[in-house]
Amino acid sequence: MIRAGIVGGTGYTGVELLRILALHQEVDVAVVTSRADAGVRVDAVYPSLRGYVDAVFTAPDVEALAACDVVFFATPNGTAMLMAEQLLARGVKVIDLSADFRLQDAKEWSQWYGMEHACPDLIGEAVYGLPEVNREGIKTARLIACPGCYPTSVQLGFLPLLEQGLIDADHLIADVKSGVSGAGRKAELATLMSECGESFKAYAVPGHRHLPEIRQGLHAATGKPVGLTFVPHLTPMIRGIHATLYGRLQADVQDLQALYEQRYRNEVFVDVLPNGAHADTRSVRGSNRCQIAIHQPQGGNTVVVLSVIDNLVKGASGQAVQNMNLMFGLEEDLGLRTVALYP
Ligand SMILES: NC(=O)C1=CN([C@@H]2O[C@H](COP(=O)(O)OP(=O)(O)OC[C@H]3O[C@@H](n4cnc5c(N)ncnc54)[C@H](OP(=O)(O)O)[C@@H]3O)[C@@H](O)[C@H]2O)C=CC1
Ligand SMILES: CC(=O)N[C@@H](CCC(=O)OP(=O)(O)O)C(=O)O
192 MIRAGIVGGT GYTGVELLRI LALHQEVDVA VVTSRADAGV RVDAVYPSLR
242 GYVDAVFTAP DVEALAACDV VFFATPNGTA MLMAEQLLAR GVKVIDLSAD
292 FRLQDAKEWS QWYGMEHACP DLIGEAVYGL PEVNREGIKT ARLIACPGCY
342 PTSVQLGFLP LLEQGLIDAD HLIADVKSGV SGAGRKAELA TLMSECGESF
392 KAYAVPGHRH LPEIRQGLHA ATGKPVGLTF VPHLTPMIRG IHATLYGRLQ
442 ADVQDLQALY EQRYRNEVFV DVLPNGAHAD TRSVRGSNRC QIAIHQPQGG
492 NTVVVLSVID NLVKGASGQA VQNMNLMFGL EEDLGLRTVA LYP
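With my numbering applied, the sequence shown covers 192 to 534.
1. Is the CB-CB distance between V559 and L363 below 8 Å?
2. With a threshold of 16 other CB atoms inside 10 Å of the CB of N457, please say whether the residue is buried or exposed.
3. Please classify E404: is it buried, with 16 or more other beta-carbons within 10 angstroms of its beta-carbon, or exposed?
4. Say the cut is 7 Å; is the CB of L425 nearer than that to a heavy atom of ligand 2?
5. Please state whether DSSP places P423 in a helix, a strand or coil.
6. Do L212 and G200 have their C-beta atoms within less than 8 Å of each other?
7. Which residue wins for smallest C-alpha separation from A393, given the options V371, Q407, G414 and I197?
8. Near A412, what residues of its chain come up, given a Cβ to Cβ distance below 7 Å and the 5 sequence neighbours on each side ignored?
9. Do I432 and V494 have their C-beta atoms closer together than 8 Å?
10. Along the chain, where does the beta strand (DSSP E) that runs through T343 open and close?
11. Taking D287 as part of the beta strand (DSSP E), name the residues at either end of that continuous run.
12. Using a Cβ distance threshold of 8 Å, determine whether the segment 434-448 contacts the segment 369-387, with at least three qualifying pairs required.
13. Does the segment 302-311 come close enough to the segment 278-288 that 3 or more CB-CB pairs lie under 8 Å?
14. Return the CA-CA distance between R476 and A280, expressed in angstroms with no decimal places.
15. Distance, Cα to Cα, Q277 vs C337?
16. For N268, is the beta carbon positioned less than 7 Å from some heavy atom of ligand 2?
17. Give me the residue from A395, G375, S369 and R480 with the minimum Cα distance to L425.
18. Counting only runs that start and end within the segment 254-305, where is the alpha helix (DSSP H) found for 4 or more residues in a row?
19. Give the DSSP-derived three-state secondary structure of Y203 in the structure shown.
20. Who are the near neighbours of A531 in its chain, counting only those whose CB is closer than 6 Å to its CB and skipping five residues on each side?
21. Which term fits D501, buried or exposed, when burial requires 16 or more other beta carbons within 10 angstroms of its beta carbon?
22. Bridge partners of D219, per DSSP?
23. Per DSSP, what are the beta-bridge partners of Q482 in this structure?
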């Protein structure tokens with residue numbers, strides 16, 4: 192059995208990791224941390240896990256975590272980078288759900304995240320955990336930087352077109368909506384029901400910290416810097432990301448549908464919907480799938496891609512477990528064979 196540790200087990204991505212790993216036949220959750228709930232049983236905080244997780248929250252402690260085979264960081268940005276080096280030195284694999292190792296340029300990371308990086312030397316070693324792009328690198332990695340939720344939906348949606356050079360990479364638009372669990376479990380005015388319920392708004396239009404991450408991934412796909420307008424929105428739903436992506440075709444493409452089906456034909460977690468479909472977040476809720484629909488309105492030269500994920504699953508904890516499966520030579524979908532909750 193793989194001994195797993197979770198730092199930040201009381202947060203939304205932490206409890207989602209617990210939900211998935213509770214039924215993963217190759218994993219034993221050995222350590223789960225919370226500073227606020229140290230000493231409290233996991234199933235006392237989350238009764239949904241009664242009978243599935245027999246563990247008590249402990250304060251984060253490198254010695255206890257070093258006894259694990261793999262440690263997931265489901266913590267705010269700036270936390271994993273303080274412990275990753277020590278754990279790696281002790282032979283522990285690290286899967287970081289936060290943004291600490293996502294950007295390859297430490298200076299750019301500091302500008303967007305407003306802090307100095309604690310271990311810039313490790314950034315080059317980290318493998319960006321998007322299996323549909325980096326599967327081979329993930330298999331041999333010691334340190335995984337899990338993609339952000341918005342970046343997962345946007346990259347999977349744009350990749351087939353950019354890899355083939357079919358759209359103008361200087362003028363990409365990603366208009367993306369997120370449910371409120373994307374903001375985490377901590378109390379915040381903006382995510383109170385009376386603030387965000389019955390309402391809908393864009394935010395961070397001048398620049399969101401996922402912009403450089405998306406640009407980095409799309410640059411790698413197309414081989415040159417991309418021009419991207421990314422506008423995130425907060426919607427009054429709990430889970431889900433809906434990305435509406437726009438690109439200007441610069442070549443005559445016979446069959447966009449076939450292009451997407453071909454690109455993702457071997458991807459168990461990317462589902463290209465039939466021609467003319469409209470993807471909805473409800474159909475991926477609780478599952479590790481990204482569903483994609485492709486449109487070319489009125490046969491013009493603008494392509495519209497709809498890409499949906501559950502931010503807590505394919506956008507975070509499910510993708511983290513997908514990465515773990517690859518790192519440990521397991522079947523990629525072990526523990527992740529779930530059908531979305533509906534309605
Ligand atoms: N929510 C989402 O949809 C997604 C989130 N992410 C990223 O995943 C990470 C976790 O997000 P989320 O679960 O939403 O966050 P939450 O705010 O819901 O949970 C954070 C967790 O981290 C713990 N924690 C906070 N500060 C520290 C610290 N300094 N040291 C150790 N533990 C700490 C908290 O417990 P305690 O304070 O008791 O220790 C809590 O368990 C973030 O980096 C987020 O950006 C990525 C993709 C999607
Ligand atoms: C709705 C909402 O508030 N979403 C978050 C996305 C946070 C997130 O998941 O951030 P990382 O992927 O970088 O860790 C935000 O915009 O800050």
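Beta carbons are placed, not taken as given, at the ideal position from N, Cα and C, and that holds for glycine.
The structure says:
1. Here the chain has residues from 192 to 534 only, and residue 559 is not among them.
2. N457 comes out exposed.
3. When all chains shown are included, E404 counts as buried.
4. Checking the Cβ of L425 against ligand 2 gives yes.
5. Note: P423 maps to strand in three-state DSSP.
6. For L212 and G200, no; Cβs fall outside 8 Å.
7. Answer by Cα proximity: V371.
8. A distance below 7 Å between beta-carbons, with the five flanking residues on each side excluded, links A412 to the following residues of its chain, in chain order: L350, L353 and E354.
9. Not a contact, by the Cβ cut-off of 8 Å.
10. Per DSSP, T343 lies in no beta strand (DSSP E) segment; the continuous alpha helix (DSSP H) that holds it begins and ends at C340 to E354.
11. Run containing D287: K284 to D287, per the beta strand (DSSP E) assignment.
12. The segment 434-448 vs the segment 369-387: no contact.
13. By the Cβ criterion, the segment 278-288 is not in contact with the segment 302-311, since fewer than three pairs of Cβ atoms, one from each stretch, lie closer than 8 Å.
14. Going from the Cα of R476 to the Cα of A280 covers about 37 Å.
15. Looking at the two C-alpha atoms, the distance is approximately 19 Å.
16. Yes, ligand 2 has a heavy atom inside 7 Å of this Cβ.
17. Among A395, G375, S369 and R480, the Cα nearest to that of L425 is on S369.
18. Every alpha helix (DSSP H) of 4 residues or more that sits fully in the segment 254-305 is shown, in chain order, as 271-280 and 297-304.
19. In the structure shown, the three-state DSSP call for Y203 is helix.
20. Answer for A531: S474, V475, R476, G477 and S478, listed in chain order.
21. Taking a 10 Å sphere around the C-beta of D501, we find 16 or more other C-beta atoms and assign the residue as buried.
22. Secondary-structure assignment with DSSP links D219 through a beta bridge to R194.
23. In DSSP, Q482 forms a bridge with D462 and V499.
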